[in-house]
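Novice:
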Amino acid sequence: MIKRNFIISLSLILFACGNINQSETVPTMVGIANPASVYCEQQGGKSTISVNEEGSEYGLCILPNGKQVDEWDFYRQQQSIKSFDNKFDVLIIYYDLAKREQVLIAIVQQQAEIVYDYKNFSAFAIKTAQPVKTKKNLQRVEGILQVQFDGKQQLHRNM
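Numbering (mature numbering (1 follows the signal peptide of the UniProt record, and there is no 0)), first residue to last: -16 to -1, 1 to 143.
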């Protein structure tokens, strides 16, 4: 009888332990932002994902002027701009392609220097000693769609 009670008690204990609800731990996914997507959005663009004919996904940046460019190409082009002396700031100017000559004249009049010509999506990177004044003046020029500070240079200046 004692054996029987002992076996029943032991069985109940084992059964109770086996039914303890053990919550499954789901590994936490840690994500790092895509630098090309972040850069696209810093420049006023919208980051989207597209799929090519083979089914591979790739990032597109829809720029303020409506053009679509590969995010990584856009980001890499920016990386090719050399660091400049701290007394200059870099502005990115998006313009209407039909007004390119007028925009070039306005840049020269502002005593700014073109450091990169983004020919594939109608934009210039310019350096200027008076970025706030230059930005304000260029925003009034017909054919210029948007003028903004370059995010990469802003990060360097704030560090």
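Ideal Cβ positions, reconstructed from N, Cα and C, are used throughout, including at glycine.
Determine the closest residue to Ile128 out of Lys117, Ile76, Ala96 and Asn36, with distance taken between C-alpha atoms.
Specialist: Of Lys117, Ile76, Ala96 and Asn36, the residue nearest in Cα terms is Ile76.
Novice: Please classify Ala96: does DSSP put it in a helix, a strand, or coil?
Specialist: Residue state, collapsed to three classes: coil.
Novice: Quick one: what's Lys30 bridged to in DSSP?
Specialist: Answer by DSSP bridge pairing, in chain order: Ile46.
Novice: Do you know whose CA, among Glu38, Ser40 and Tyr59, lies nearest Ser31's CA?
Specialist: The residue with the shortest Cα to Cα distance from Ser31 is Tyr59.
Novice: Let me make sure I understand the geometry here. Which of Trp56, Thr112 and Leu47 has the alpha-carbon closest to that of Ala96?
Specialist: For the residues Trp56, Thr112 and Leu47, the minimum Cα distance to Ala96 belongs to Thr112.
Novice: Identify the residues that DSSP records as bridge partners of Leu75: which are they?
Specialist: According to DSSP, which records beta bridges pairwise, Leu75 is partnered with Ile110 and Phe133.
Novice: Here's a check: name, in chain order, each residue in its chain whose Cβ is nearer than 8 angstroms to the Cβ of Ala82, leaving out the five neighbours to either side.
Specialist: Counting only Cβ-Cβ distances below 8 angstroms, and skipping sequence neighbours, we find Gly127.
Novice: According to the neighbour-count rule (16 or more other Cβ atoms, all chains shown, within 10 Å of its Cβ), is Tyr79 buried or exposed?
Specialist: The residue is buried, with at least 16 neighbouring Cβ atoms inside 10 Å.
Novice: Between Ser34 and Gln132, what straight-line distance do the alpha-carbon atoms span, to the nearest angstrom?
Specialist: Those two C-alpha atoms are separated by around 26 angstroms.
Novice: For Gln94 and Val87, I'd like the C-alpha separation in whole angstroms.
Specialist: Their backbone Cα atoms lie some 11 angstroms apart in a straight line.
Novice: What's the C-alpha gap between Phe68 and Glu41?
Specialist: Reliability fails at Phe68, whose pLDDT of 46 lies under 50, so the model's placement of it is uncertain and the value that follows must be treated cautiously. Going by the C-alpha atoms only, they are around 35 angstroms apart.
Novice: Given a cut-off of 7 angstroms, decide if Ala90 and Val116 are closer than it, judged by their beta-carbon atoms.
Specialist: In this structure, Ala90 does not lie closer than 7 angstroms to Val116 by Cβ.
Novice: For Asn49, tell me which candidate among Asp134, Asn104, Ile16 and Asp57 has the shortest Cα-Cα distance.
Specialist: Here the closest residue by C-alpha is Asn104.
Novice: Can you tell me the Cβ-Cβ gap for Ser21 and Glu55, rounded? I've got them flagged as a contact below 8 angstroms.
Specialist: With a Cβ gap of about 6 angstroms, Ser21 and Glu55 count as contacting.
Novice: Which residue comes first and which comes last in the beta strand (DSSP E) that contains Val125?
Specialist: No beta strand (DSSP E) contains Val125, which DSSP labels as neither H nor E.
Novice: From Phe108 to Glu85, what distance separates their C-alpha atoms?
Specialist: Going from the Cα of Phe108 to the Cα of Glu85 covers about 12 angstroms.
Novice: Going by other Cβ atoms of all chains shown within 10 Å of its Cβ, with 16 needed for buried, is Gln123 buried or exposed?
Specialist: When all chains shown are included, Gln123 counts as exposed.
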